[in-house]
Structures are given as structure tokens and as C-alpha cells.
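Listed in order, the protein sequences are those of chains A and B. Using the working numbering, you'd call the opening residue of the first sequence number 3 and step up by one each time. Using the working numbering, you'd call the opening residue of the second sequence number 24 and step up by one each time. Ideal Cβ positions, reconstructed from N, Cα and C, are used throughout, including at glycine. Notes follow once the structure below has been shown.
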Amino acid sequence: MTYVIVGSCIKDDSCIEVCPVDCIHPKPGDADFETAEQLYIDPAVCIDCDACVEACPVDAIFPDFEVPKKYDYALELNEEFFAEQGTTEQRTAA
Amino acid sequence: MKPRVAIVGAGPAGAFAAAALKRRKGDVEVDLIERLPTPWGLLRGGVAPDHQEIKRLEDTFDRLTLRRGCRFLGNVEVGTDVSHGELMEHYTAVVYATGAQTDKTLGIPGEDLPGSWAATEFVAWYNGHPDHRDRDFDLSCKRAVVIGNGNVAADVVRVLARDVDELARTDIADHALERLRGSAIEEVVVLGRRGPAQAAFTSAELRELGNLPGVELQVGDVTLDPESRAWLADEGTFTARKNVQLLEQFSSRPRQESAARRIVLRFLVSPVEILGGDRVEAIKIGRNEIVRDDSGTLRARPVDEEPETLECGLVLRSVGYRAIPLPDVPFDERYHVLPSEHGRVLTPEGERIPGVYTVGWIKRGPTGILGTNKRDAEETIGCLVADLKALPSPANPDREAFDALLAERKPGLVGEDGWRAIAAVELERGRAQQRPRVKLASRDELLSAAAGD
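Next comes the structure, spelled out in C-alpha cells:
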């Protein structure tokens, strides 16, 4: 499984601070950070540790099997972000 | 004696600043001074009632500020009840976090007709801001026009179009709920100056507009012009690409004739004039085309043809916020901000003013989302903490002296206990109606709840 960030994300980066595998992007300072409407979790890297869920002040992170129906597009959107804007590996190497 | 810091404005920027200060420096006394009897600014008075999940941030603000000893001094207006000079006499440092309190105007004829409003006034009204309670929004017309393509535009469109029974489950102000229940509006037309690729909606907001139960979203032809197509392919943001994909999907949907209401997104159009005798009756709209200017930016240019006239009874403009000058501190009239260097406030000549700082929209202009303020606050508070040792003690550092001054000036001061009493009443009323809260939406109600009456 993976965790998924939904559209109510406020980009306060509490999740980025606690993620042990650095799979939440874009990060402050990245070229696409300011224009990003939310943060995304790279499902290929997420280790399902739950730390980001605890850290999120607006409960915008869900396990993929519990994403509320109104956000049913969110898993695909998180995947697309990394497919189109660079994988965690590519983004970290840059 | 501990350093004392006053943060003026208890909105998200002020709250993140207070939290950052408490985290970095526990031995600082922090007072959050707020014009309203309630804290958290646009989190309470801006964020749309159907976005309740975002309002959970108030628990974090509470935990990181008031629960850590920051004081809330509500119903106190700096510049009226207490001056900047008096704050400087009593505090080691003052941080301005007053936001952007007014809206940009369109600058077109008819803008001041009754029925033409700033979208932000509508937002403040439906969110129970006590200064806007008596606004008389006439929703007896069939068509409303919303000008602008940003998040505030998306919010007001949803509130106008959404089934009122859904809104009744939120913390929308009761006076607004009652008025919306009697709304005759059948169609909300949204005007965007530029094209689908430049719309400022987030894809989440756009998706939401396309998925409101019982509401049809019409988007017309969303074929991109060659300049926008090239821009989207080469430089377009992830959000812009998702927006265009969504708009293409929406435009190929079959018509929903049976929908109770309709939202119509119109791109490449600008309002030219608002028409009406003693109130808004119609709006004249001119078509635009996208051109690339010398700097490479894609701009809207009016097309030379006869404008179209669209009948409507309500116009809400949402073309940006603007900060207003504060008494006794500098103001940059060009960018409408408090001039600063990383949050250290500067004179018009560019000199630092020791002990005066700024954060949030009044510092950087009305950009970014809630979380942007956290990084902004880290920057300002980083400067403040670095300067703290070198800042002189205020002339009158005694907390009791300032409290005595405030008590004399402002008998209706609302402290943390008062705010918690207001919250308790609102939450209790909410429980009774199975709503998150039922807001007290006038100063009188707020102040009597704060006083425990």
C-alpha cells in the first residue's frame, strides 16, 4: 500500500519534516514548489510508516484503501505527479 | 525580565509566527493582539464552510500558541485602541501580521451599483464576520456573475450553487443560510480574463466545481490557442496541465438539463461595464485573445468587437486582495506591503526600524496558501530571534502596566478565557444541530458570550 495526500493539503510541510524516506514532494526550494497546489507522496517509495498522517494538521493524508470517495482521484494524481515531474530518485539526485 | 513580543493580527500568519517564536525561544512573552473577539483570521472568516477539514488547523494553532502560554488579546485594534508608539513603549518587538484587508477593484463603470460587490464581502458575510453581518445580498435574481478565476472565486461559486441542505451541515453563518435558502439563482457565470491554461483555480477546486451534486458545470469550447498550447507543453505547471485535462473532460460531458443549478465557466472575457438603473441589471463583457508580450508572459488582449451584454442581478468581483496602510508604520504604496527585508521592517529610505517586524500578506503581498505562512513566519521569527539580544528593553517593560493601559482603553477586551467561552457556546449550539459549530456573528453576541452572559 501507500499513503496518499488529498486536495485539502495546505502545504505546511509538517509531513516532509517527519518522512523518514523523503518521499513527499515537491520540497521548499524545488523549482515546482511554489506553483504546486499540494504536496504528493511517491507511492513507489512510501514505506507506510504513518508518520506523515500523525503530523498533518488538517488530516489530508490517508492510506490508499481509506481515501474518502470525494478524493477518489488522489492516488492516481499522486502517481502522476512523480511520473510527470520526476521520481523521488530523480528529484533527490538533482 | 523576559523579552516581550506583540504580534498584531491573530490570523494564520500571526499564529504561525507565535508558534515559531515559542518553539525557538520559550522564555519570550508573546501577546497576540487581534481586532476581532475571535482568533485565527481567515481560517475562521475566509476558508469556505464546505471546506471544514481545513479548519482543523485551528487545533494546531491553539496547541502551539495559546496552550504554550501566548496570550490572546482580542477586540483590540492597534491604531485605534492602542497606538504603534505605545506598543513600542511596552514591547521589545512588534510583529505586524495584519493581512490584506481590502480587495482590488475592476475600475469599470457601474462597479459601485447596488448588487455589485467584492467577493470578499460575500465571503465575510457567509462566514459570520461581525463587521459584515448586515450586508444585504439580494439573491432574488436568476443569474449571478463572478469575476475572477482564483480560489476565492471558486469558493463563492460553490456557496452560490451548492444545494443549501449541504451548506446547512457546515458552520456557515445562520443569516447567510437563511438568505441562501430563498435564493432564486439558477446560473452562476464565472468570467476568466485569460484562457483555460492560465486559470488560477487549483485542480482540486476545479474538480470540485465539476462534481457538485445537482449542479451542471458548463465549460464550452476549451480548445487552446497556439501560444497557450506551446506554453503548456514547454513550461506549464502540473496544476495547469491537470486543469486543462479536467476542462476537456468536462466539456465533453452530456448536458444535464435536469440540474437544479448551472455553473458556466467563460474564458478569455473581461467585464467592460456593469449596467443598471438603481441596481445591477446586466454586465457588458468583451472578448480577449492571448498574446505573448516582450517579457514572454502570456497576456489577455481585448479583441476589437462589440461587447456582449449578459443579464444578471448580482456581480461578485474576485480579482485580488490588497493591504491597506497601518498608522505610524511605513507602507509601500506600489506593492501594497509593509516594506521589509526578510521580515525586518524598513523605512522608505531602506533603513531598518529596530524591533519592528512583519509576516504574512502584509509582508509579501496576498500570495500563497495557508502553509506558505509557516515558512514566511520561520523567516521573520528567525530574524527577530537573531536580533533579540541587541534590541533595547522597552521603556516600560512591565506587563501589568500594559494590561492596565488596555483595561482602561478597552473594557470589552476578550482574552483567552473569553474566546474559549465563545467557542464553547458555538460548539454547544453546533452539537444541538449536528453541525461543526454555529457561529455567533455579531459583536454583541460575541462579547456577551465572552463575558459569560
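- The criterion of a C-beta distance shorter than 8 Å is satisfied by G171 (chain B) and R340 (chain B).
- Contact fails between the region 117-133 of chain B and the region 179-194 of chain B, because fewer than three Cβ pairs, one in each stretch, are under 8 Å apart.
- Contact between C54 (chain A) and C17 (chain A) holds: CB atoms are separated by about 4 Å, below the 8 Å threshold.
- At the C-beta level, V211 (chain B) and A184 (chain B) come within 8 Å of one another.
- Between the C-alpha atoms of D188 (chain B) and E280 (chain B) there is a straight-line separation of about 21 Å.
- Proximity of Y75 (chain A) to chain B, defined by a Cβ-Cβ separation below 8 Å, is satisfied.
- Non-local beta-carbon contacts of N80 (chain A) in its own chain, meaning distances under 7 Å to residues more than five positions away in sequence, involve V6, I7, Y42, I43 and P45 in chain order.
- With respect to G233 (chain B), A283 (chain B) sits apart: the two C-beta atoms are not nearer than 8 Å.
- Secondary structure note for S226 (chain B): its alpha helix (DSSP H) is the uninterrupted segment S226 to L232.
- Only T260, F261, T262, A263, R264 and K265 from the region 257-283 of chain B bring a Cβ to less than 9 Å from some Cβ of chain A.
- V461 (chain B) carries a coil assignment under DSSP once its states are collapsed to helix, strand and coil.
- Against chain B, a Cβ distance below 7 Å from E39 (chain A) picks out T225, S226, A227 and T262.
- Your pair T260 (chain B) and D34 (chain A) checks out as a contact, with CB atoms roughly 7 Å apart and the cut at 8 Å.
- Boundaries of the beta strand (DSSP E) around N311 (chain B): A305 to R315.
- Among the residues of the region 387-401 of chain B, those with a Cβ less than 9 Å away from any Cβ of chain A are T390, G391, I392, L393, G394, T395, N396, K397 and R398, in the order of the chain.
- Neighbours of F83 (chain A) in chain B, taken as residues whose beta carbon is under 7 Å from its own, are F261 in chain order.
- For H359 (chain B), the closest Cβ of chain A is not nearer than 8 Å.
- Contact between L288 (chain B) and G218 (chain B) does not hold, since the beta-carbon distance rounds to 11 Å and is not under 8 Å.
- Residue burial is scored here from C-beta neighbours: D85 (chain B) has at least 16 other C-beta atoms within 10 angstroms and is therefore classed as buried.
- Under the criterion of beta carbons closer than 8 Å, V53 (chain B) and V28 (chain B) qualify as touching, at roughly 5 Å.
- Checking the DSSP bridge columns, you'll see R345 (chain B) partnered with B:T125.
- Between the region 416-435 of chain B and the region 34-42 of chain B, the count of Cβ pairs shorter than 8 Å is below three; the stretches do not touch.
- Contact annotation for H74 (chain B) against chain A: S10 [CB-CB distance below 9 Å, chain order].
- Cβ contact annotation for E250 (chain B) (same chain, cutoff 8 Å, sequence separation greater than five): I313, V314, R315 and L321, in chain order.
- No residue range can be given for S10 (chain A), since it is assigned to no alpha helix (DSSP H) and is classified by DSSP as neither H nor E.
- By alpha-carbon distance to F95 (chain B), the top candidate from B:D73, B:G378, B:W63 and B:V51 is B:W63.
- With a threshold of 8 Å between beta carbons, K13 (chain A) makes contact with chain B.
- S206 (chain B) has its alpha-carbon roughly 19 Å from the corresponding atom of L333 (chain B).
- For L65 (chain B), the nearest beta carbon of chain A is not closer than 8 Å to its own beta carbon.
- Counted as a single uninterrupted DSSP element, the beta strand (DSSP E) harbouring P294 (chain B) occupies residues V292 to L298.
- Between T193 (chain B) and Q268 (chain B), the C-beta spacing is not below 8 Å.
- Burial check for T143 (chain B): the Cβ neighbour count within 10 Å reaches 16 or more, so the residue is buried.
- By the criterion of at least three beta-carbon pairs nearer than 8 Å, the region 50-70 of chain A is not in contact with the region 399-415 of chain B.
- Residues of chain A whose Cβ lies closer than 8 Å to the Cβ of L288 (chain B) do not exist, since the nearest Cβ in that chain is about 18 Å away.
- The beta carbons of A40 (chain B) and I30 (chain B) sit about 6 Å from each other, so the pair counts as a contact at 8 Å.
- The Cβ of P65 (chain A) sits no closer than 8 Å to any Cβ of chain B.
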